[in-house]
Amino acid sequence: MTQFTAEDNKGMVKNENMIKEKSGTTSGVKQARAKAAGKNKNGGKAKAQKKVKDVKSEDPDSEIDCTMRLTVKEEPDDADYVEGKRGKKRKRPKEEEEEADEGPSRSHKSDKKLTSSYMDWDIPDAAVPGPSLLKKNKRAEEDGEATSEKKRRSVKSEEKMKKPKREPKRESKEQGENDKVKKTKEEREAARALKLKLKEEEEQQRWRWWEEERYKDGIKWRFLEHKGPFFPPEYQPLPADVHFYYNGKVMKLSPITEETALFFAQMLDHEYTIKEVFRSNFFKDWRKEMNVEERRVITDLNKCNFTELHTMHKNKVEARKNMTKEDKLVNKDANQKIVDEFGFCLLDHHKERIGNFKIEPPGLFRGRGEHPKMGMLKKRVQPEDVIINCSKGSHIPQPPAGHRWKEVRHDNTVTWLASWTENVQGSVKYIMLNANSKLKGEKDWEKYEVARQLKGRVDQIRTQYQEDLKSKQMVTRQRAVALYFIDKLALRAGNEKEEGEGADTVGCCSLRVEHITLHDALDGHACVVEFDFLGKDSIRYYNKVPVSKRAFKNLKLFLENKQPGDDLFDRLSTATLNKHLSSLMPGLTAKVFRTYNASITLQQQLKELSNMVDSAAEKLLSYNRANRAVAILCNHQRAPPKTFEQSMANLQSKIDTRKEQMAQAKLELKKAKKEAKGSKDPKLKAVLEKKQKAVMRVKEQLLRMEVQATDKEENKQIALGTSKLNYLDPRISVAWCKNMEVPLDKVYNKSQRDKFAWALDMTEKDFEF
DNA sequence: CAGGCCACTTAGAAGACGGTCA
DNA sequence: TGACCGTCTTCTAAGTGGCCTG
């Protein structure tokens with residue numbers, strides 16, 4: 001009952017009224033609304049959202065694969081304690097203890113040795129993963145007689161671990177250099193073969209964690225070792241010829257004041273810096289960094305002249321862009337070294353990539369939307385702020401020279417390797433593993449399994465909340481309507497937010513009276529609810545939805561005697577809603593509906609839109625359209641690319657050229673036909689064939705381009721990535737690719753394939769979500 | 001049971017990369 | 001050969017939801 005069809009969605013996109021705009025374009029409306037409302041508890045805040053230029057770290061991380069050394073040592077006393085939540089120690093339960101100790105003691109140090117230039121991984125026995133892998137590995141070591149394919153692979157990968165691993169990226173880079181010198185056919189062939197081989201090797205090295213037993217009792221790992229986070233470089237004071245001016249006069253600033261000034265100067269091109277909130281937040285925080293003298297002198301931001309700092313920054317950016325190839329290579333290598341050293345950890349016997357191993361550099365805070373804290377100084381994080389989490393028996397990461405960590409703990413009920421508290425919002429930041437890791441993958445898989453469970457129960461749940469719309473209890477009716485919205489419209493739960501802490505955004509449970517308008521009749525529909533609010537990231541949600549009479553009546557009731565700033569669901573919170581949901585099905589929360597509806601929509605749309613007889617391009621268009629239907633449902637928007645109009649025009653002109661070519665080719669074909677007719681000259685026949693082929697080729701090209709143009713146009717303001725990465729069960733896509741005979745890499749790029757390795761491996765043609 | 005803390009997922013923008021075409 | 005442009009990767013903000021505490 002609640003699914004959007006492709007027609008619905010296309011309609012939504014096409015119908016101007018229904019287009020969900022970026023908040024920035026609607027600030028006027030929202031302001032007017034808030035003003036008219038008079039009593040908005042957030043006081044008529046402007047809601048414009050501007051795009052932000054970031055002062056970001058320049059280090060490009062690339063995908064790497066470095067070698068490592070495994071040295072299996074004597075059994076250490078790794079985990080006598082599991083440090084519980086909030087860092088409080090708790091004695092590990094008996095059974096865990098037993099499990100941890102279950103690993104067989106191994107002593108063949110030498111044959112486990114891998115080499116690494118940057119990391120010497122020592123894996124004590126406690127590092128040995130769960131029982132199932134243990135058994136598998138042990139068997140592989142002992143008898144090597146594994147028979148099944150899976151066992152074979154397991155043994156093979158064990159063998160592979162012993163060899164130093166090559167670095168695919170480097171390899172191909174070198175290859176690339178050679179190619180430039182002289183690229184013969186054989187060389188290219190060799191390169192391709194090498195690539196294939198590497199791919200195969202990589203596949204064999206992959207940790208097939210999905211074939212292993214899971215840990216119980218919230219245990220996330222048995223062994224964790226890493227090098228700690230990577231800290232951004234220290235501040236380099238300005239060169240002598242770059243000056244800051246106050247009130248027209250040169251002023252030499254102390255290092256920290258200067259650094260903070262530079263943060264501001266770097267952003268001068270940005271609209272942010274003319275916003276009053278941003279400026280005043282910045283100035284307030286900047287003054288806190290100043291020494292007494294500076295604070296005495298610098299009292300007005302408007303008298304500050306950052307021009308030279310700004311210019312210096314721009315020059316630097318330009319210079320970086322114009323670096324020579326050699327310099328770029330040197331840079332790249334340096335970055336690669338950092339990734340090699342800090343970018344990986346060892347988790348239960350396996351090398352895993354870390355997602356964000358770099359400490360966030362200092363800068364000015366940029367919230368999204370009308371964030372009250374924009375412009376505040378995000379301070380430099382010191383090692384003394386950082387908590388390290390790793391195994392007791394591991395090499396504890398060394399803090400930078402002259403520093404110490406805030407704390408080193410050994411909590412294997414969490415997945416983070418390091419954390420610190422950020423000063424602007426006071427929230428904790430974590431260093432965690434990459435999406436392709438076991439820890440993330442297992443959770444992801446679990447998420448989709450819960451959503452699939454919902455599939456079996458959703459009819460019953462829907463029936464119930466329809467019933468609940470009639471309940472005598474206000475709480476129940478509110479819960480039912482909220483659930484109806486969450487299910488039908490894929491709204492987020494809408495946790496309560498602290499006022500003034502962030503931009504004024506809402507989700508379902510936190511909707512306010514001002515966010516909906518009821519229409520008894522609109523556009524030929526009865527009982528239409530018009531939604532207009534800012535959701536996560538201050539993205540506007542605008543939609544007009546016909547709802548059931550009963551829901552409509554309830555909404556009217558909820559609005560009675562309320563003012564615009566009041567909560568629509570005043571008796572409801574996400575906690576009570578989720579409590580109710582988990583009583584209906586274990587693991588069920590509001591968010592599961594989003595996952596479920598997204599995935600089921602994809603599956604239905606794919607069924608509906610794709611045909612086996614279509615061309616590859618058409619199949620892909622269908623896939624993208626199905627993906628798009630989901631993105632629209634979930635309101636995943638993006639700013640239209642800056643180059644959109646231009647590239648669209650380019651594509652159109654290409655299409656026009658092809659059309660001309662097509663006409664020409666057809667003409668020539670006609671001529672060739674004429675000439676070949678009645679003649680037995682094989683030459684003429686060959687010409688005819690050639691012309692026929694030419695027409696076919698141009699026709700195909702034209703079709704491909706036209707399809708591409710359609711896809712592009714439809715995708716102008718819609719972001720497909722978020723749903724693909726977070727909401728769509730990858731097994732649906734894998735099965736579709738298999739059924740449609742579409743290569744998987746048309747749908748998932750390399751890192752997506754890595755992330756979804758579990759799904760790629762286990763999905764058969766007949767998979768049903 | 002509210003409120004805060006904590007851990008983890010979800011999100012769009014910006015920046016880096018790399019293939020293509022004139 | 002280098003500009004252009006689309007794609008991929010990185011970055012980090014902003015959500016969700018569980019658990020603990022008082």
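Note that full-length UniProt numbering has the first sequence beginning at 1, numbered continuously upward. Just so you know, even glycine gets a beta-carbon here, dropped at the ideal spot from N, CA and C.
For His-395, no beta strand (DSSP E) run applies, since DSSP gives it neither H nor E. In the three-state reduction of the DSSP assignment, Trp-758 falls in the helix class. For Asp-523, the secondary structure class from DSSP, reduced to helix, strand or coil, is coil.
Cys-737 and Gln-603 have their C-alpha atoms roughly 12 Å apart.
The residue among Glu-668, Lys-447, Arg-512, Asn-627 with its C-alpha nearest the C-alpha of Lys-562 is Arg-512.
The continuous stretches of beta strand (DSSP E) do not include Ser-391, and DSSP gives it neither H nor E. Counting along the chain, the unbroken alpha helix (DSSP H) around Val-339 starts and ends at 325-342.
Nearest C-alpha to Pro-232 among Phe-756, Pro-400, Val-450: Pro-400. Taking Val-592 as the centre and dropping the five residues before and after it, the same chain places the C-beta of Val-450, Ala-451, Leu-454 closer than 7 Å to its C-beta, in chain order. Here the region 345-360 lies against the region 433-443, with 3 or more beta-carbon pairs under 8 Å apart. Each of Glu-741, Gln-605, Tyr-215 was checked against the Cα of Phe-769, and the nearest Cα belongs to Gln-605.
Its chain contains Leu-684, Lys-685, Val-687, Leu-688 as the residues whose beta carbon lies nearer than 8 Å to that of Ala-676, once the 5 sequence neighbours on both sides are disregarded; these appear in chain order. Exclusion of the five residues before and after Lys-378 leaves Pro-362, Gly-363, Phe-365, Val-424 as the residues of its chain whose Cβ lies within less than 6 Å of its Cβ. In the displayed model, Tyr-596 falls within a helix according to three-state DSSP.
Here Pro-546 carries a strand assignment [DSSP, helix/strand/coil]. Less than 8 Å divides the Cβ of Leu-469 from the Cβ of Asn-554. The beta carbons of Asn-322 and Tyr-245 sit no closer together than 8 Å. Gly-441 is positioned such that its CB atom lies closer than 8 Å to that of Trp-758. Using a 10 angstroms sphere on the CB of Pro-640, the tally of other CB atoms stays under 16, which defines it as exposed.
Take Phe-485, set aside five residues on each side of it, and the residues of its chain with a beta-carbon closer than 7 Å to its own are Leu-491, Cys-508, in chain order. Between Ala-240 and Leu-309, the CB-CB gap reaches or exceeds 8 Å. Spanning the alpha carbons of Val-630 and Thr-601 requires a straight line of approximately 6 Å. Contact between Phe-223 and Leu-417 is ruled out by a C-beta separation of about 13 Å, above the 8 Å threshold. For Tyr-465, the uninterrupted alpha helix (DSSP H) run begins and ends at 438-468, by DSSP. Contact annotation, Ser-510 with Asp-567: C-beta distance approximately 7 Å; criterion of less than 8 Å satisfied.
Per DSSP, the unbroken alpha helix (DSSP H) holding Val-687 starts and ends at 682-714. Across the structure, Leu-669 and Ser-679 are spaced so that their CA atoms are roughly 15 Å apart. Per DSSP, the continuous alpha helix (DSSP H) segment holding Thr-576 begins and ends at 574-584. Secondary structure of His-515 (DSSP, three-state): helix. For the pair Phe-552 and Cys-527, the CB atoms are nearer than the 8 Å cut-off.
For Tyr-245, the enclosing beta strand (DSSP E) covers residues 244-246. By the neighbour-count criterion, in which a residue is buried when 16 or more other Cβ atoms sit within 10 angstroms of its Cβ, Gln-664 is exposed. When the five nearest sequence neighbours on each side are left out, the beta carbons in the same chain lying within less than 6 Å of the beta carbon of Leu-744 are those of Cys-737, in order along the chain. In the three-state DSSP reduction, Arg-409 falls in the strand class (E or B). For Thr-574, the closest C-alpha among the options Glu-212, Lys-619, Gly-494, Asn-624 is that of Gly-494. In this structure, Tyr-541 and Asn-635 form a Cβ contact; the two beta carbons are roughly 5 Å apart against a cut-off of 8 Å.
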